[in-house]
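Using our numbering, the first residue of the sequence shown is number 38, and each one after it goes up by one. Where a beta carbon is used, it is the ideal one built from N, C-alpha and C, also for glycine. The model shown is predicted, which means the values in this text are computed figures rather than measured ones. Let me begin by presenting the structure, written as structure tokens, before commenting on it.
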Amino acid sequence: MSTDVTRLLTDTGGLALWCFLLGVCLHRDNRQLRNGFLALLVALWSIRLVSRLADLVPGLDVPVTLGSAALIVFTGLMPFLLVLNGVVLLRREGIRLGNVLSLLAGLGLVAAPVVAVALVATANPWGLLAAMLLFCLCLYLGVFLVILLAQTAVQRIWGGRRAVPHPDAVVVHGSGLIDGKVPPLLASRVRRGIRAWRDEDRLRPGVPLLVMSGGQGPDEPVSEAQAMADYAVTQGVARERILVEGRSATTQENIALSRELLARQGMPQARVLLVTSSFHAVRTAVLASDMGTTWAVAWARTAWYFSVNAWLREYVAVLTYRRTAALVWAGLTATGAAAYTALVVAGYISLR
Numbered sequence: 038m039s040t041d042v043t044r045l046l047t048d049t050g051g052l053a054l055w056c057f058l059l060g061v062c063l064h065r066d067n068r069q070l071r072n073g074f075l076a077l078l079v080a081l082w083s084i085r086l087v088s089r090l091a092d093l094v095p096g097l098d099v100p101v102t103l104g105s106a107a108l109i110v111f112t113g114l115m116p117f118l119l120v121l122n123g124v125v126l127l128r129r130e131g132i133r134l135g136n137v138l139s140l141l142a143g144l145g146l147v148a149a150p151v152v153a154v155a156l157v158a159t160a161n162p163w164g165l166l167a168a169m170l171l172f173c174l175c176l177y178l179g180v181f182l183v184i185l186l187a188q189t190a191v192q193r194i195w196g197g198r199r200a201v202p203h204p205d206a207v208v209v210h211g212s213g214l215i216d217g218k219v220p221p222l223l224a225s226r227v228r229r230g231i232r233a234w235r236d237e238d239r240l241r242p243g244v245p246l247l248v249m250s251g252g253q254g255p256d257e258p259v260s261e262a263q264a265m266a267d268y269a270v271t272q273g274v275a276r277e278r279i280l281v282e283g284r285s286a287t288t289q290e291n292i293a294l295s296r297e298l299l300a301r302q303g304m305p306q307a308r309v310l311l312v313t314s315s316f317h318a319v320r321t322a323v324l325a326s327d328m329g330t331t332w333a334v335a336w337a338r339t340a341w342y343f344s345v346n347a348w349l350r351e352y353v354a355v356l357t358y359r360r361t362a363a364l365v366w367a368g369l370t371a372t373g374a375a376a377y378t379a380l381v382v383a384g385y386i387s388l389r
């Protein structure tokens with residue numbers, strides 16, 4: 038058996054293993070980030086396998102080369118696309134701290150390699166140490182970002198109504214009001230929730246409930262939940278079919294207080310479909326899993342120019358939920374940095 042065929046079979050076995058593990062984890066809970074990690078491994082092994090096949094199958098190398106070139110071009114353009122998105126968002130939504138993440142991310146992707154090269158070019162051991170620390174930071178943030186992107190795809194494919202096809206309750210998460218009214222972003226969530234509720238109500242008339250969840254901000258005349266309920270009534274939903282949870286201020290509270298409300302209605306084990314914006318869905322699903330529920334999350338559409346920046350905000354939030362991984366990576370990085378520093382001090386490393 039030739040070496041190429043042996044490698045092909047080995048890679049096929051590796052891909053089968055990752056697919057099996059992904060299937061097991063999806064069956065257990067498709068909302069956890071480990072699914073994104075395994076999906077990423079499946080994608081990487083698939084690329085590896087196709088590359089092996091390109092060496093054996095005549096003509097397959099052309100699409101593989103074109104695909105690789107497209108990926109490289111897209112990666113190279115990513116910083117500039119983020120900057121462009123940031124500029125568009127600021128022009129449409131105004132200059133606010135929460136609207137600059139995509140712009141800062143794009144500028145950071147441009148600046149990081151420039152700074153790293155400049156540090157290495159100093160030919161100074163401390164400059165090299167700083168470059169290595171920058172590399173470790175970017176590696177952690179980059180890998181976590183790709184895992185979250187993969188988990189977004191996983192949730193898009195296996196989450197939502199596929200996970201809870203017949204909900205007993207549809208819970209719509211609130212967001213800020215404007216002058217006490219439901220703005221377009223929140224209206225999109227409510228309409229998506231109404232659509233899911235009506236789909237189930239046609240199958241089981243009078244059974245599913247529609248829950249509006251959202252508290253009252255200091256500058257809001259009514260709670261988000263009440264405004265959402267009023268909006269749902271204008272969309273043809275009978276008020277007696279709507280439950281209002283008007284105390285929550287965070288996503289965790291949306292889930293916890295909605296669970297309490299359903300329990301008081303005699304539905305402690307209700308099958309629940311949460312509805313939120315597309316950029317917020319993965320974090321909501323992670324929290325719902327962490328809090329011990331079986332609830333799934335459906336997505337409401339969001340304007341494209343708003344989604345990228347908002348998704349990056351969610352990425353930062355999810356980073357804070359997985360502190361253990363960050364601490365382990367920080368510990369490994371600190372250990373390596375300490376060992377390197379000891380070698381420099383001892384005189385074993387000198388670039389001058």
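- Residue environment analysis places Met115 among the exposed positions, since fewer than 16 neighbouring C-beta atoms fall within 10 angstroms of its C-beta.
- Residue ranges of uninterrupted alpha helix (DSSP H) with 4 or more members, entirely inside the segment 210-273 and ordered along the chain, are 221-240, 261-271.
- Inter-segment contact for the segment 89-109 and the segment 351-367 is absent: fewer than three beta-carbon pairs are separated by less than 8 Å.
- At a cut-off of 4 residues, the continuous stretches assigned as alpha helix (DSSP H) that sit fully inside the segment 300-366 are 318-327, 341-358.
- Proximity to Gly329 across Gln306, Ala167, Leu298 peaks at Gln306, based on C-alpha coordinates.
- Here the C-alpha atom of Met249 lies approximately 58 Å from the C-alpha atom of Pro162.
- DSSP places Val125 within a helical segment (H, G or I) once states are collapsed to three.
- In its chain, beyond the 5 residues on either side, Ser326 have a beta carbon closer than 6 Å to the beta carbon of Asp66.
- Approximately 28 Å separates the beta-carbon atoms of Tyr352 and Leu166; this is outside 8 Å, ruling out the contact.
- Straight-line spacing of the CA atoms in Thr49 and Phe316 works out to 34 Å.
- In this structure, DSSP gives Ala206 an extended state, which the three-state scheme calls strand.
- Non-local beta-carbon contacts of Ser88 in its own chain, meaning distances under 8 Å to residues more than five positions away in sequence, involve Val101 in chain order.
- In this structure, Leu222 lies near Ser314, with their beta-carbon atoms less than 8 Å apart.
- Around the C-beta of Val99, fewer than 16 other C-beta atoms lie within 10 Å, and the residue is accordingly described as exposed.
- When DSSP states are grouped into helix, strand and coil, Ile292 belongs to the helix group.
- Rounded to whole angstroms, Leu108 and Ile84 show a C-alpha spacing of 12 Å.
- Annotation: the continuous alpha helix (DSSP H) that includes Val191 extends over 162-195.
- In the three-state reduction of the DSSP assignment, Ile132 falls in the coil class.
- Looking at the DSSP output, Leu156 sits in no beta bridge, so it has no partner there.
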